[in-house]
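J.:
Numbering (my numbering), first residue to last: 32 to 247.
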């Protein structure tokens with residue numbers, strides 16, 4: 032947790048009445064990095080409530096979106112695309128097997144002096160490049176195929192974290208550690224909360240929009 036005024040860490044402080052606050056250690060007139068810091072402070076319960084609310088919204092939206100994508104993928108048009116990609120996967124795997132065997136046989140040809148050392152090095156490099164290109168194309172097609180699967184799921188680690196905390200109704204340190212990347216405090220009710228899975232969430236929403244556009 033960081034102060035939006037000077038960039039210093041916020042620390043937890045307890046008032047005499049027992050209320051906890053996140054405070055910036057800088058005084059009102061403190062300057063850091065050329066910025067005037069106002070010594071931000073905010074009640075811990077306010078931040079905790081907002082963080083919990085954001086995480087709960089994140090988890091529900093992710094699971095709802097995942098289910099929606101699965102339902103859209105069940106449409107016949109998307110299943111046709113899935114099967115086409117499946118054929119492409121098979122084709123690439125056969126091609127990969129064929130080139131890999133050629134590269135393997137190359138050493139045998141060299142050992143039996145059917146080709147020179149220079150030819151061996153040259154063709155070995157060519158086959159290695161072809162293998163890498165095929166693997167790259169195969170990864171791309173497999174990733175595309177997953178997006179059309181009726182059994183589509185979000186990344187396993189992300190999914191496990193969501194299912195672990197989905198039923199929780201109170202923010203814990205473990206929950207915050209699992210979801211929160213950083214919090215920047217600008218004022219009493221003004222702070223930025225960045226989650227660990229924000230990038231994956233953005234990609235998921237992008238995929239949802241693509242699916243919705245395809246179904247029109």
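Positions of the beta carbon are idealized from the N, C-alpha and C atoms, including for glycine.
The ligand FMN and residue 87: does the residue's C-beta get closer than 7 Å to at least one heavy atom of that ligand?
T.: Ligands in the displayed structure: none, and consequently the ligand FMN is not present.
J.: Is there contact here, the segment 225-240 with the segment 83-96, by at least three beta-carbon pairs under 8 Å?
T.: Contact between the segment 225-240 and the segment 83-96 is present, because at least three Cβ pairs lie under 8 Å.
J.: Any idea if residue 197 is buried or exposed, counting beta-carbon neighbours within 10 angstroms, 16 or more meaning buried?
T.: Taking the first residue of the chain shown as position 1, residue 197 is located at position 166. Exposed, by the Cβ-count rule.
J.: With distance defined between alpha-carbon atoms, name the residue in 48, 52 and 146 nearest to residue 218.
T.: Locating residue 218 in the chain shown gives position 187, where the first residue counts as 1. Answer by Cα proximity: 52.
J.: Taking only the alpha-carbon atoms, compute the straight-line gap between residue 211 and residue 74 and give it to the nearest angstrom.
T.: To locate residue 211, count along the chain shown from 1; it is residue 180. To locate residue 74, count along the chain shown from 1; it is residue 43. If I take the Cα positions, the gap works out to 18 Å.
J.: Could you please give the first and the last residue of the uninterrupted alpha helix (DSSP H) stretch that includes residue 235?
T.: The sequence position of residue 235 within the chain shown is 204, counting from 1. First-last of the alpha helix (DSSP H) with residue 235: 229-245.
J.: List the whole-angstrom C-beta distance separating residue 104 from residue 181, where the pair is believed to meet the contact cut-off of C-beta under 8 Å.
T.: Working through the chain shown from its first residue, we reach residue 104 at position 73. Working through the chain shown from its first residue, we reach residue 181 at position 150. Their Cβ separation, rounded to whole angstroms, is 5 Å, which keeps residue 104 and residue 181 in contact under 8 Å.
J.: Report buried or exposed for residue 138, applying the criterion of at least 16 other Cβ atoms within 10 angstroms of its Cβ.
T.: On the chain shown, residue 138 is found 107 positions in, with the first residue counted as 1. With fewer than 16 other Cβ atoms within 10 Å, it is exposed.
J.: From which residue to which residue does the alpha helix (DSSP H) around residue 148 run?
T.: Taking the chain shown and counting its residues from 1, one reaches residue 148 at position 117. From DSSP, the alpha helix (DSSP H) with residue 148 extends over 148-178.
J.: Roughly how many angstroms lie between the CA atoms of residue 41 and residue 188, to the nearest whole one?
T.: The residue given as residue 41 occupies position 10 in the chain shown. The residue given as residue 188 occupies position 157 in the chain shown. Using only the alpha carbons, I get a separation of about 29 Å.
J.: Return the residue from the list 37, 92, 36 and 71 that minimises the CA-CA distance to residue 185.
T.: One-based indexing of the chain shown puts residue 185 at position 154. Checking every option, the nearest Cα to that of residue 185 belongs to 92.
J.: Rounded to the nearest angstrom, what separates residue 123 and residue 174 at their Cα positions?
T.: Taking the chain shown and counting its residues from 1, one reaches residue 123 at position 92. Taking the chain shown and counting its residues from 1, one reaches residue 174 at position 143. Cα to Cα, the separation comes out at about 14 Å.
J.: For residue 77, does the three-state DSSP call read helix, strand or coil?
T.: What you label residue 77 is simply residue 46 of the chain shown in a count that begins at 1. Helix at residue 77.
J.: Could you tell me if residue 121 is buried or exposed, where buried requires 16 or more neighbouring beta carbons within 10 angstroms of its beta carbon?
T.: For the purposes of this step, residue 121 is identified with residue 90 of the chain shown, where counting begins at 1. Counting Cβ neighbours within 10 Å, residue 121 comes out exposed, since fewer than 16 surround it.
J.: Whose C-alpha, out of 172, 178, 33 and 117, is nearest the C-alpha of residue 238?
T.: Within the chain shown, residue 238 is the residue found at index 207, counting from 1. Answer by Cα proximity: 178.
J.: Does DSSP put residue 225 in a helix, a strand or coil?
T.: Stepping through the chain shown from its first residue, residue 225 is reached at position 194. Residue 225: strand per DSSP, three-state reduction.
J.: Going by Cα to Cα distance, which pick from 79, 43 and 142 is closest to residue 203?
T.: Counting from 1 along the chain shown, the entry for residue 203 is found at position 172. Nearest option by C-alpha distance: 79.
J.: Report the partner residues of residue 82 according to the DSSP bridge assignment.
T.: Here residue 82 refers to the residue found at position 51 of the chain shown. BP columns for residue 82 are empty, so no partner.
J.: So, with DSSP's three-state summary, where would you put residue 50?
T.: Translated into positions along the chain shown, residue 50 becomes position 19. It is coil, neither helix nor strand.
J.: With DSSP collapsed to three states, give me the class of residue 99.
T.: The sequence position of residue 99 within the chain shown is 68, counting from 1. DSSP places residue 99 in helix when its eight states are reduced to three.
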